[in-house]
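Input: a single structure, listed below in structure tokens.
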């Protein structure tokens, strides 16, 4: 009986100490910190940060300096990007039954044109379905096909866009089109940039045209009139080159070889300034690390803070990390990605792993002062949890209220003023509390999955479909180039 009482008191004391550390960190993050000033610098001064750009290089050194000034051990970790793609400028001119200059932007991995441009007939491709291409028949060959889109309202619509593009582009190749023109799914002539589905293997010119301009073209075409399109796409392409992740670290006091890693991607597209995607959460990573040092919080397990690079082009920075540290991944307790904007966090996606769900549920139940949360046990593809998941490491993705994330996603409008700064502060406290609990609760044991376990996860969920719609990563998985 005495032994039971002693164990009980010891457990209470340990939990109390953990909660005290978490409470101290939460209070610090909800107080006055430089997170807003950091975000302004990153977005307003450095700006949009496509991997390989001067702005991206500046942001790497900026992140390194922020960690150093906070007293965090930090390094730049080099990795090789498979290729370079940057847009210099794109323009278009419509002629025929009407003459005007629509607003366009090149899709990532679009092929460039000669400086004099590429001209061809513009044809109505409907929504780019199999029936639409069947209707076009030979009329698609050698012409620009204009694809209609629904207006984007939420993140579900965003994932649908990605999935639809895979089929559309496959049909376009088979039809022998000259190029693809996507109607922008955002109103008010707003442009954005997605990746061509074949990534670096793409060989077609592809652009997004302002929604109002594309609708004008369709009305004319559907009135049995003809239009011609002249498109000029000036892009900078190149072979493999070196980029960097920025990795901060606070060493564990009791189990330094065991790692909890949290991260946000530093790169963005260059149309806006990469505020909600994903500058706000880059600033969060820095702020959490800074407050832990300032408050002398010493986690029992090592915590790493990753500013990933090359995410938008194919999750290359986090993939490089899993390859570099593959021999240590058995000791990675948890990998968390924060990459869905600045809406209030509602819980976490736990990757289709009941053990991760159970551990995270228990943690969130202890954080009711920060809100009520619901965790969703499904695997997701599209951010820097992916390669950890495919290596069998327990992984989390922060889930957020959608707020204004989807309409501004990858768009010119993804700027500082769209960030919910109050929610960002609160989100920082939530992420920090979850991270510290994973680092300090030594009873949490989430074993790394085997290749067989991961294959079962793929078979029992829609992971295959998700991977096929994202940057060619399905083929990298089945060819053994990614994952365990």
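Residue numbers (the working numbering): 61 to 544.
Where a beta carbon is used, it is the ideal one built from N, C-alpha and C, also for glycine.
Keep in mind that this is a model prediction, so the values were computed, not measured.
Same chain, Cβ closer than 7 Å to residue i, neighbours up to 5 away in sequence not counted
| i | result |
| --- | --- |
| residue 450 | 514, 537, 542, 543, 544 |
| residue 265 | 170, 171, 173, 178, 239, 291, 293 |
| residue 72 | Reliability of the predicted coordinates at residue 72 is poor, the pLDDT of 41 falling under 50, and no value is obtained from them. |
Own chain, CB closer than 6 Å to residue i, minus 5 neighbours either side, in chain order
| i | result |
| --- | --- |
| residue 531 | 255, 259, 374 |
| residue 534 | 527, 528 |
| residue 119 | 106, 109, 326 |
Any non-hydrogen atom of the ligand FAD within 7 Å of residue i CB
| i | result |
| --- | --- |
| residue 174 | For the structure depicted, the ligand FAD is absent and the ligand set is empty, with no information on it obtainable. |
Residue of the options minimising C-alpha distance to residue i
| i | options | result |
| --- | --- | --- |
| residue 220 | 321, 442, 417 | 442 |
| residue 409 | 420, 436, 393 | 436 |
| residue 364 | 83, 304, 317 | 317 |
| residue 177 | 525, 151, 402, 261 | 151 |
| residue 261 | 253, 233, 247, 245 | 233 |
| residue 407 | 421, 309, 79 | 421 |
| residue 309 | 130, 114, 522, 516 | 130 |
| residue 97 | 398, 369, 339 | 339 |
| residue 122 | 326, 133, 141, 235 | 326 |
| residue 124 | 158, 305, 401 | 305 |
| residue 321 | 349, 297, 427, 329 | 349 |
| residue 269 | 158, 397, 299, 162 | 162 |
| residue 508 | 387, 432, 519 | 387 |
| residue 452 | 461, 415, 135 | 415 |
| residue 376 | 90, 142, 103 | 142 |
| residue 272 | 113, 199, 245, 489 | 245 |
| residue 438 | 518, 208, 188 | 518 |
| residue 284 | 345, 157, 500, 472 | 157 |
Residue i classed as buried or exposed, judged by whether at least 16 other C-beta atoms fall within 10 angstroms
| i | result |
| --- | --- |
| residue 361 | buried |
| residue 292 | buried |
| residue 413 | buried |
| residue 93 | buried |
| residue 160 | exposed |
| residue 525 | exposed |
| residue 475 | buried |
| residue 87 | exposed |
| residue 467 | buried |
| residue 351 | buried |
| residue 81 | buried |
| residue 539 | exposed |
Secondary structure of residue i, DSSP reduced to three states
| i | result |
| --- | --- |
| residue 316 | strand |
| residue 252 | strand |
| residue 93 | coil |
| residue 329 | coil |
| residue 529 | coil |
| residue 241 | strand |
| residue 518 | helix |
| residue 191 | helix |
| residue 292 | strand |
| residue 461 | coil |
| residue 433 | coil |
Neighbourhood of residue i by C-beta distance below 8 Å, restricted to the same chain and skipping five residues each side
| i | result |
| --- | --- |
| residue 267 | 150, 152, 164, 165, 166, 167, 170, 239, 240, 241, 242, 291, 293 |
| residue 190 | 227, 231 |
Opposing strand residues paired with residue i [DSSP bridges]
| i | result |
| --- | --- |
| residue 139 | 303 |
| residue 392 | 319 |
| residue 269 | 164, 243 |
| residue 279 | Answer is none; residue 279 lacks a bridge partner. |
| residue 324 | 367 |
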